[in-house]
Amino acid sequence: MTSNRTLHTTCAYCGVGCGIQAVVTDAATRQIHIQGDRNHPANFGRLCSKGAALAETLTLHGRLLNPEINGETVSWDAALDLAAETLSATAREHGPESVAFYLSGQLLTEDYYVANKLMKGFIGSANVDTNSRLCMSSSVAGHKRAFGADVVPGCYEDLEQADLIILTGSNTAWCHPILYQRIKAAKQQRPQMKVVVIDPRRTATCDIADLHLPLQPGSDAWLFNGLLAYLARLGALDYEYLEQHTEGFGVAIKAARAAETADIPSVARHCGLKEGEVAAFYDWFRKTPKTVTAYSQGVNQSSSGSDKVNAIINCHLATGRIGQPGMGPLSLTGQPNAMGGREVGGLANQLAAHMDFTSDNVERVGRFWNATRMASQPGLKAVDLFDAVADGRIKAIWIMGTNPVVSMPDADKVAQALSRCENVIISDCIRRTDTTEYANILLPALGWGEKDGTVTNSERRISRQRALLTPPGHAKPDWWIISAVAQRMGFGAAFNYRNSRDIFIEHAALSGFENTPEQTLRAFDISALEILTDAEYDALEPIQWPVNAATPQGAARLFQDGGYYSPSRKALLSPITPQPPRGKLDENYSFALNTGRIRDQWHTMTRTALAPQLNAHISEPYCDMHPQDAERLGFEQNDLVRIRSRHGVMIARAHITDEQAPGQLFVPMHWTAQYSAVGRVGALVNPVTDPYSGQPESKHTPVALERFEAA
Ligand code: SF4
Numbered sequence: 001m002t003s004n005r006t007l008h009t010t011c012a013y014c015g016v017g018c019g020i021q022a023v024v025t026d027a028a029t030r031q032i033h034i035q036g037d038r039n040h041p042a043n044f045g046r047l048c049s050k051g052a053a054l055a056e057t058l059t060l061h062g063r064l065l066n067p068e069i070n071g072e073t074v075s076w077d078a079a080l081d082l083a084a085e086t087l088s089a090t091a092r093e094h095g096p097e098s099v100a101f102y103l104s105g106q107l108l109t110e111d112y113y114v115a116n117k118l119m120k121g122f123i124g125s126a127n128v129d130t131n132s133r134l135c136m137s138s139s140v141a142g143h144k145r146a147f148g149a150d151v152v153p154g155c156y157e158d159l160e161q162a163d164l165i166i167l168t169g170s171n172t173a174w175c176h177p178i179l180y181q182r183i184k185a186a187k188q189q190r191p192q193m194k195v196v197v198i199d200p201r202r203t204a205t206c207d208i209a210d211l212h213l214p215l216q217p218g219s220d221a222w223l224f225n226g227l228l229a230y231l232a233r234l235g236a237l238d239y240e241y242l243e244q245h246t247e248g249f250g251v252a253i254k255a256a257r258a259a260e261t262a263d264i265p266s267v268a269r270h271c272g273l274k275e276g277e278v279a280a281f282y283d284w285f286r287k288t289p290k291t292v293t294a295y296s297q298g299v300n301q302s303s304s305g306s307d308k309v310n311a312i313i314n315c316h317l318a319t320g321r322i323g324q325p326g327m328g329p330l331s332l333t334g335q336p337n338a339m340g341g342r343e344v345g346g347l348a349n350q351l352a353a354h355m356d357f358t359s360d361n362v363e364r365v366g367r368f369w370n371a372t373r374m375a376s377q378p379g380l381k382a383v384d385l386f387d388a389v390a391d392g393r394i395k396a397i398w399i400m401g402t403n404p405v406v407s408m409p410d411a412d413k414v415a416q417a418l419s420r421c422e423n424v425i426i427s428d429c430i431r432r433t434d435t436t437e438y439a440n441i442l443l444p445a446l447g448w449g450e451k452d453g454t455v456t457n458s459e460r461r462i463s464r465q466r467a468l469l470t471p472p473g474h475a476k477p478d479w480w481i482i483s484a485v486a487q488r489m490g491f492g493a494a495f496n497y498r499n500s501r502d503i504f505i506e507h508a509a510l511s512g513f514e515n516t517p518e519q520t521l522r523a524f525d526i527s528a529l530e531i532l533t534d535a536e537y538d539a540l541e542p543i544q545w546p547v548n549a550a551t552p553q554g555a556a557r558l559f560q561d562g563g564y565y566s567p568s569r570k571a572l573l574s575p576i577t578p579q580p581p582r583g584k585l586d587e588n589y590s591f592a593l594n595t596g597r598i599r600d601q602w603h604t605m606t607r608t609a610l611a612p613q614l615n616a617h618i619s620e621p622y623c624d625m626h627p628q629d630a631e632r633l634g635f636e637q638n639d640l641v642r643i644r645s646r647h648g649v650m651i652a653r654a655h656i657t658d659e660q661a662p663g664q665l666f667v668p669m670h671w672t673a674q675y676s677a678v679g680r681v682g683a684l685v686n687p688v689t690d691p692y693s694g695q696p697e698s699k700h701t702p703v704a705l706e707r708f709e710a711a
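Its first residue numbered 1, the sequence shown is counted upward by one per residue in UniProt numbering.
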């Protein structure tokens with residue numbers, strides 16, 4: 001590579017999916033200069049602190065650069081042979097269900113596609129799940145229930161065109177910073193725009209809030225059920241839209257009118273809010289057609305997350321506020337390619353191209369792939385999958401680009417499970433994570449800035465990630481590693497890819513394969529892109545799916561004239577019976593622990609901890625607590641405290657703040673045994689899950705809070 005090349009790529013971090021203009025100033029020493037891509041529709045030149053620091057994270061320090069078997073450096077041939085033999089022999093001796101893949105929202109769509117194809121089409125199991133299960137699977141379940149498919153109806157531009165923005169379960173300022181900046185800029189230009197923040201904590205996002213509703217954790221569905229009942233009471237529904245484009249209103253409104261949501265005092269009591277706050281929110285919603293409700297992990301990470309999503313969507317469907325500029329529900333995905341993973345079946349309960357496991361779909365995909373052993377039913381979702389590793393049902397697992405020993409709930413159990421599993425294959429770009437220590441086989445993968453492919457952001461926009469630097473050491477693209485293993489397992493013809501473009505066009509072709517209205521209604525369709533040449537794929541501009549004959553330039557919004565993806569082409573309102581968090585507080589575990597991100601770190605810090613300026617923001621694990629709780633327990637600011645749940649324990653620095661409600665704690669999710677000797681919060685988190693989505697309740701674990709006395 002020559003110096004001073006300029007390339008356009010996409011950020012490595014959150015689901016906003018910002019475009020980056022990168023200038024390679026010295027390829028030999030991996031020096032690049034980064035700035036926001038002014039032409040990228042996600043960010044128009046802006047970057048947040050994490051994106052702006054990406055150049056500082058390109059060091060080779062700590063990189064996995066060679067294949068290893070049991071800690072010894074080996075050749076690629078030796079590592080691939082053993083990985084293939086391990087998977088083949090395990091499936092042969094114990095059945096396909098004894099093998100599993102655990103993927104990551106950091107993988108590119110092409111990597112995800114090939115992994116999913118190998119497992120579901122050739123090994124014959126659907127035990128392929130992803131860390132995206134932990135962040136957005138409740139939105140997937142909610143979308144499918146309401147729209148008949150997992151689709152986001154609107155786009156980021158709606159946030160600038162709305163007159164009312166409701167941010168619920170989202171510290172947008174820290175977790176989706178560029179969307180926050182776009183909202184803030186729009187609000188400055190149009191002061192009539194109102195922002196409501198619904199969050200038990202008073203976060204940085206509240207800086208732009210006209211109204212902050214600090215509701216009781218887990219009470220979101222009561223609030224939105226109450227809103228639906230309120231709108232019906234005041235005749236503020238769009239009955240024409242309901243009649244023409246929806247089903248299920250009768251049962252949904254009946255559920256919404258239950259005693260606890262029948263009137264504003266009941267809602268306020270149940271949600272722990274003031275009646276005036278609830279009344280103002282409901283009144284603004286009623287009077288503001290252009291309303292966007294953006295939601296994220298505070299809604300999704302719940303044992304009833306799917307119901308909360310549907311309670312929100314019900315209000316938009318009942319008022320016809322969907323599919324038009326400046327209005328609609330908007331799920332904010334956490335990871336850079338959580339959406340791309342969903343497109344290719346990265347979730348154990350989806351097949352590919354958003355197809356479910358119906359017998360028709362299984363047959364069709366199997367035929368398209370020339371699959372030798374097609375999985376016919378959904379596999380295990382993340383928590384169940386690692387439970388199956390723990391009890392020995394899964395005997396070989398391949399983990400790609402993620403760190404479940406930190407990020408999974410009940411994370412100590414995950415560590416124990418991997419320590420007992422005899423066949424742990426890990427492909428990653430980092431040599432030492434809390435998870436890689438359990439690997440028998442380590443496979444070096446390319447990292448951001450080296451790999452090449454596509455990602456999809458929260459508004460369905462497909463963007464290219466491009467290679468800026470030459471591959472270091474012996475590291476290879478994830479799709480290459482998976483294909484090489486597949487070929488050694490005897491599936492060569494189906495995995496004979498030259499590059500990521502070959503995979504992308506196969507993926508695009510599958511999205512439109514036999515997709516006629518008579519046969520099926522497939523939401524994810526990018527079949528117009530299946531003819532891209534190498535050069536066209538390389539030059540692909542950001543585009544929002546669907547990209548097909550009807551919308552060859554992509555589509556900013558869906559459902560402008562109804563036309564949902566259910567058999568009746570109507571959207572479905574669901575009857576929601578709100579449920580409290582499954583983890584109950586008691587005298588031994590009397591605090592509700594909430595977990596989440598901070599502004600300047602990403603996931604388990606394997607990349608962001610390499611940037612000194614990002615570490616300067618917050619340098620160690622902390623525990624937010626209310627002054628009343630601190631005083632009652634005798635804690636001073638910065639004391640070390642022990643947080644204990646039924647599952648695990650960690651130490652953190654007390655941070656006493658009235659931004660936290662009494663009885664509730666907040667601990668960031670990022671620190672690992674690598675960066676702190678005091679434990680990781682995932683070990684505390686209750687592994688209960690939503691029955692539809694399988695998403696864990698990472699926002700509400702009963703814990704005890706104690707003084708830490710050093711031994
Ligand atoms: Fe990257 Fe997200 Fe920041 Fe954009 S908002 S620069 S995608 S971390």
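For every residue, glycine included, the Cβ atom is placed at its ideal position computed from N, Cα and C. None of these values were measured; they are calculated from a predicted model.
So what's residue i in DSSP terms, helix, strand or just coil?
{"i": "TYR102", "result": "strand"}
{"i": "GLN613", "result": "helix"}
{"i": "SER331", "result": "strand"}
{"i": "VAL414", "result": "helix"}
{"i": "residue 714", "result": "For the chain, the structure presents residues 1 to 711; residue 714 sits outside this window and is missing."}
{"i": "ARG707", "result": "strand"}
{"i": "VAL151", "result": "coil"}
{"i": "GLY562", "result": "strand"}
{"i": "VAL309", "result": "helix"}
{"i": "GLY596", "result": "strand"}
{"i": "GLN695", "result": "coil"}
{"i": "GLU422", "result": "coil"}
{"i": "PRO702", "result": "strand"}
{"i": "PRO444", "result": "strand"}
{"i": "PHE591", "result": "strand"}
{"i": "GLN544", "result": "strand"}
Less than 7 Å between the CB of residue i and some heavy atom of the ligand SF4, yes or no?
{"i": "residue 731", "result": "Because the chain here runs from 1 to 711, residue 731 falls outside it and cannot be looked at."}
{"i": "GLY105", "result": "no"}
{"i": "HIS176", "result": "yes"}
{"i": "VAL455", "result": "no"}
{"i": "GLY51", "result": "yes"}
{"i": "LEU58", "result": "no"}
{"i": "ASN171", "result": "no"}
{"i": "ASN43", "result": "yes"}
{"i": "CYS48", "result": "yes"}
{"i": "GLY340", "result": "no"}
{"i": "GLY17", "result": "yes"}
Hey, which unbroken runs of the alpha helix (DSSP H) at 4 residues or more fall wholly within the UniProt domain "4Fe-4S Mo/W bis-MGD-type" (4-62)? 49-52
3 or more residues per run - each beta strand (DSSP E) lying fully within the region 615-693: 622-625, 640-644, 649-656 and 664-668
Give, in chain order, every unbroken run of the beta strand (DSSP E) that is at least 3 residues long and sits entirely within the region 355-413. 396-400
For the region 298-307 and the region 684-704, state whether three or more C-beta atom pairs, one from each stretch, are separated by less than 8 Å. yes
Would you list, in sequence order, the uninterrupted beta strand (DSSP E) runs of no fewer than 3 residues that lie entirely inside the region 125-174? 128-130 and 164-168
If contact is defined by three or more beta carbon pairs under 8 Å, each pair taking one atom from either stretch, is the region 327-342 in contact with the region 198-210? no
So, does the region 415-426 touch the region 309-329, judging by three or more C-beta pairs under 8 Å? no
Would you call the region 460-467 in contact with the region 69-87, where contact means no fewer than 3 C-beta pairs closer than 8 Å? no
Segments of 4+ residues assigned as alpha helix (DSSP H) that fall wholly inside the region 196-273: 220-233, 239-245, 249-256 and 264-271
Assess, as a yes-or-no matter, whether the region 178-187 is touched by the region 263-279 under the definition of 3 or more beta carbon pairs within less than 8 Å. no
So, do the region 340-358 and the region 117-134 have three or more beta carbon pairs nearer to each other than 8 Å? yes
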